[in-house]
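In the numbering used here, the protein residues as written are 0 to 331.
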């Protein structure tokens, strides 16, 4: 094999290790033992993967991960535990494929393989956090099986067409870099919601008689530039923006109410606030495991606006429902 083919193989193995290290090693070991794969020149060092001990241990760990990966939230705990293990395994696999290459290239490739493994691991872990937050129970197993199929299919593509596998890998890597800010924001807020939920367990449920006016100075300044003459912000509370056209998702912000025009306002720092009228607006409350969500749907329009409340802000969630339904005539 050429050095470029070796590099493509090493990077591909490292990327798949980030999704499922044990399955990657097990399928590779099993394929070598059964003669499904014949290693070409320059890849002789990967024959170590055919050792019976590696086959048995990786097989046992694959079975354990197959079971653990199907349980919502336990799979995220499993991913957190493997944040170091998977990148280390990806580097080992990459270096095993690159053993005959120039040492300087091997060092650089080892660093790159570790980065690729960590990237695919974070993408997997972040996706699982998104899926685990969904109310239905089946998507977790579907995603898990899909990841396993990607590993098996990816190994076949690496063996048959390493350059195509390299192109797919680089495309996915740059896609991950593009989506990384959104992914990391989601991971941050999911962990924050978990911690706040744990803190709220056993605490006495709070009730408030009046909604407060909580807003940062920079957000207030951005809002005042959008208000018409005579309009006033009567209340505002901290939320996490879910789906609000015109604003980025998973960002800390505020939900407020404007009088006398009776308009809701969604604010994220200095960005242009989004205001919607309350006429014929339907409100849908959702009680989820980690947070509570309010969705506002203008009648006759496909647009929907949603915000999320941490469990320690349950009092805001309930009071806003009451305020909008009974005092301002919102349906829902």
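The C-beta atom is built at its ideal place from N, Cα and C for all residues, glycine as well.
query, result
"Alpha helix (DSSP H) segment containing residue 320, residue limits", "313–321"
"Helix, strand or coil at residue 269 [DSSP, three-state]", "coil"
"Inter-residue spacing [alpha-carbon to alpha-carbon] between residue 317 and residue 204", "11 Å"
"Close beta carbons around residue 294, own chain, < 6 Å, minus the five adjacent residues each side", "283, 303, 305"
"Close-in-space but distant-in-sequence residues of the same chain around residue 314 (CB under 7 Å, 5 per side omitted)", "205, 206, 207"
"Cα-Cα separation between residue 104 and residue 90, rounded to whole angstroms", "13 Å"
"Three-state class that DSSP yields for residue 280 in the structure shown", "strand"
"Between the CA atoms of residue 289 and residue 301 - distance to the nearest angstrom", "26 Å"
"Run of the beta strand (DSSP E) containing residue 35, from where it starts to where it stops", "From DSSP, residue 35 is part of no beta strand (DSSP E); its letter is neither H nor E."
"Spatial neighbours of residue 257 in its chain, beta-carbon cut-off 8 Å, leaving aside the 5 residues before and after", "226, 230, 231, 232, 233, 263, 264, 274"
"Exposure of residue 50, with buried meaning 16 or more beta-carbon neighbours within 10 Å", "exposed"
"Cβ pair residue 14, residue 172 closer than 9 Å", "yes"
"C-alpha distance - residue 12 paired with residue 56, whole-angstrom precision", "18 Å"
"Beta-ladder partner(s) of residue 262, from DSSP", "257, 276"
"CB-CB length for residue 195 against residue 32, believed under 8 Å", "Wrong, their Cβ atoms sit about 49 Å apart, outside the cutoff."
"Inter-residue spacing [alpha-carbon to alpha-carbon] between residue 20 and residue 85", "6 Å"
"Through-space distance from residue 155 to residue 37, alpha-carbon basis", "12 Å"
"C-beta atoms of residue 162 and residue 3 nearer than 9 Å", "yes"
"Under 9 Å between C-beta atoms of residue 108 and residue 222", "no"
"Within-9 Å CB hit, residue 30 to chain C", "Included in the structure is just one protein chain, with no chain C present."
"Reduced DSSP category for residue 209 - H, G, I as helix; E, B as strand; rest coil", "coil"
"Alpha-carbon spacing of residue 114 relative to residue 253, whole angstroms", "36 Å"
"Candidates 126, 167, 220, 147: closest to residue 182 by CA position", "126"
"DSSP state of residue 303 mapped onto helix, strand, coil", "coil"
"Assigned exposure category for residue 217 - 16 Cβ within 10 Å defines buried", "exposed"
"Residue range of the unbroken alpha helix (DSSP H) whose run includes residue 175", "161–199"
"Backbone CA spacing between residue 191 and residue 238 [nearest angstrom]", "12 Å"
"Residue interval of the alpha helix (DSSP H) (run including residue 248)", "Counting along the chain, residue 248 falls outside any alpha helix (DSSP H), and DSSP gives it neither H nor E."
"Residues near residue 140 in its chain [Cβ-Cβ closer than 6 Å; skip 5 each side]", "69"
"Inter-residue CB distance, residue 23 and residue 150 (contact presumed, cutoff 8 Å)", "6 Å"
"Presumed contact (8 Å Cβ cut-off) between residue 210 and residue 236, rounded CB distance", "6 Å"
"Classification of residue 323 by the beta-carbon crowding that lies within 10 angstroms, buried from 16 upward", "buried"
"For residue 237, the residue or residues it bridges with in DSSP", "253"
"Enclosing alpha helix (DSSP H) for residue 119 [first to last residue]", "102–131"
"Residue 278 beta carbon less than 9 Å from that of residue 251", "no"
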